[in-house]
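One structure is given below, encoded as structure tokens.
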Amino acid sequence: MSAQLGSLRRGADACGDDAAEVACDDDGGAAGNESQLREVLVEPGTYWLFVDGFRGDGQTQIDLE
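For what it's worth, the numbering used here labels the leading residue of the sequence shown as 250, then goes sequentially.
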């Protein structure tokens, strides 16, 4: 996943629950201002992927395997 800010959370009660966060990255990509979540292994279940931008818009690429 490449975006300005990304985070992956699990569970129906995840909103506002920091313990539910699975992965998060802010500006950790190769260009220094991109975010990437790579090789995040998760158990079967329901997950929410949150992508937000510094300026609120722009392109995002999400690749799930």
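Idealized CB from N, CA, C, for every residue including glycine.
Contact annotation: ALA272 and VAL300 have beta-carbon atoms that are not nearer than 8 angstroms.
Per the coordinates, the alpha-carbon of TYR296 lies some 18 angstroms from the alpha-carbon of THR309. Residue nearest to GLU270 within the set LEU313, LEU298 and GLY307 is LEU298 (criterion: CA-CA distance). Rounded to whole angstroms, the separation of the alpha carbons of ILE311 and VAL291 is 16 angstroms.
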